[in-house]
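Trainee: Take this structure, written in structure tokens, and hold onto it; I'll ask about it next.
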């Protein structure tokens, strides 16, 4: 069974929301969502945001049903005090998940037992990313960003931004965590290490980070809690909800 592979693996299910079209398809996706999700779907001002929400939340339900024989519409969710969603169906294996969506990409990360977070961002011009980094990144990372220019600077900014977002989401503590107190080192080998200021009660050895570029326009980062002696393989799978 696919769920058994999660003892050694973590899975990212991805789709392009804008490619999911057609009245029949969208009606089917709406039938999968809860009343609360449908209310949120209707609240968006811009149709593109509403569409992205619909497709990405249907993606979560389809992905979870790949592991357990439950119809996608029958999944129930609750939220912790900081708003992180968790599975609320009783008596199931401890699946964990996290969702991210941006213009052109939606991803759902699924693990077994382990805390996890994922963030995807479209690489686009930001108004003064160096100024944002001064507020959100460690002093050393900010200084490193100042040494770069143009596309190289922008890509490095989004790598470090997505890593922070993934970690914060994995911790499930929302905006209460000061991201300037994190310092990421991205090695030439692709290995990623994180250090913490003394004010953060955590250890970099507790986490496994992955970072990759999805096509020419998107950067994706994951953070997964690491258990001693276990290094999980991360697999990325396409899924059309």
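Residue numbers (the numbering used here): 33 to 273.
All C-beta atoms, glycine included, are put in the ideal place defined by N, C-alpha and C.
Since we're looking at a predicted model, the values are computed, not measured.
DSSP on residue 190, reduced to helix/strand/coil?
Mentor: Start at 1 with the first residue of the chain shown, and residue 190 comes out as number 158. Residue 190 falls in the helix class under three-state DSSP.
Trainee: So, using beta-carbon positions, are residue 94 and residue 273 closer together than 7 angstroms?
Mentor: As a first step, residue 94 is located in the chain shown; it is residue number 62 there, counting from the start. As a first step, residue 273 is located in the chain shown; it is residue number 241 there, counting from the start. Contact flag set, yes.
Trainee: Quick check on residue 151: does DSSP put it in helix, strand or coil?
Mentor: Counting from one through the chain shown, the residue named residue 151 turns up at place 119. In this structure, residue 151 counts as strand in the three-state DSSP scheme.
Trainee: If I measure Cβ to Cβ from residue 165 and keep anything under 7 angstroms in the same chain, skipping five residues before and after, which residues do I get?
Mentor: Taking the first residue of the chain shown as 1, we reach residue 165 at position 133. Excluding sequence neighbours, residue 165 sits near 173, 174, 177 and 189.
Trainee: According to DSSP, what are the bridge partners of residue 143?
Mentor: Numbered from 1 along the chain shown, position 111 holds the residue referred to as residue 143. Answer is 128, bridged to residue 143.
Trainee: Using DSSP with H/G/I as helix, E/B as strand and the rest coil, what is residue 265?
Mentor: As a working note, residue 265 is residue 233 in the chain shown. Three-state result, residue 265: strand.
Trainee: Mark residue 240 as exposed unless 16 or more other C-beta atoms lie within 10 angstroms of its C-beta, in which case mark it buried.
Mentor: Translated into positions along the chain shown, residue 240 becomes position 208. Buried, since its Cβ has 16 or more Cβ neighbours within 10 Å.
Trainee: Please name the residue in 171, 158 and 97 whose C-alpha comes closest to that of residue 34.
Mentor: Your numbering for residue 34 matches position 2 in the chain shown. Ranking 171, 158 and 97 by Cα distance to residue 34 puts 97 first.
Trainee: Using the Cα positions of residue 234 and residue 131, report the straight-line distance between them to the nearest angstrom.
Mentor: The residue labelled residue 234 in the question sits at position 202 within the chain shown. The residue labelled residue 131 in the question sits at position 99 within the chain shown. Whole-angstrom Cα-Cα distance: 23 angstroms.
Trainee: Could you check what DSSP says for residue 322 in three-state terms: helix, strand or coil?
Mentor: Look at the range of the chain in this structure, 33 to 273, and you will see that residue 322 is not part of it.
Trainee: What residues in its chain sit with their C-beta under 6 angstroms from that of residue 216, if we drop five residues either side in the sequence?
Mentor: The count along the chain shown starts at 1 and reaches residue 216 at position 184. So the qualifying residues of the chain are 192, 195 and 226.
Trainee: Report back the beta-carbon spacing between residue 120 and residue 109 to the nearest angstrom; my notes put them in contact at under 8 angstroms.
Mentor: Mapped onto the chain shown, residue 120 falls at position 88. Mapped onto the chain shown, residue 109 falls at position 77. About 6 angstroms separates the two Cβ atoms, so the contact holds.
Trainee: At the level of alpha carbons, what is the spacing between residue 142 and residue 150?
Mentor: The residue you call residue 142 lines up with position 110 of the chain shown. The residue you call residue 150 lines up with position 118 of the chain shown. Residue 142 and residue 150: Cα-Cα distance of roughly 10 angstroms.
Trainee: Between residue 133 and residue 84, how many whole angstroms is the CB-CB distance? I'm expecting something under 8 angstroms.
Mentor: To locate residue 133, count along the chain shown from 1; it is residue 101. To locate residue 84, count along the chain shown from 1; it is residue 52. With a Cβ gap of about 5 angstroms, residue 133 and residue 84 count as contacting.
Trainee: Only counting the same chain, and skipping five residues up and downstream in sequence, which positions put a Cβ closer than 7 angstroms to that of residue 263?
Mentor: Residue mapping note: residue 263 aligns to position 231 of the chain shown, counting from 1. Counting only Cβ-Cβ distances below 7 angstroms, and skipping sequence neighbours, we find 240.
Trainee: DSSP state of residue 35, grouped into three classes?
Mentor: Taking the first residue of the chain shown as position 1, residue 35 is located at position 3. Helix.
Trainee: In chain order, what residues of the same chain lie with their CB nearer than 6 angstroms to the CB of residue 201, ignoring the 5 residues before and after it?
Mentor: As a first step, residue 201 must be located in the chain shown, where it is residue number 169. For residue 201, where only same-chain residues beyond five positions count, the Cβ hits under 6 angstroms are 130 and 149.
Trainee: Run the CB neighbour count on residue 167, radius 10 Å, all protein chains shown included, and call it buried at 16 or more, exposed below.
Mentor: The sequence position of residue 167 within the chain shown is 135, counting from 1. So residue 167 counts as exposed.
Trainee: Entirely within the segment 43-131 and at least 3 residues each: give me those beta strand (DSSP E) ranges in chain order.
Mentor: Runs found: 109-111 and 117-119.
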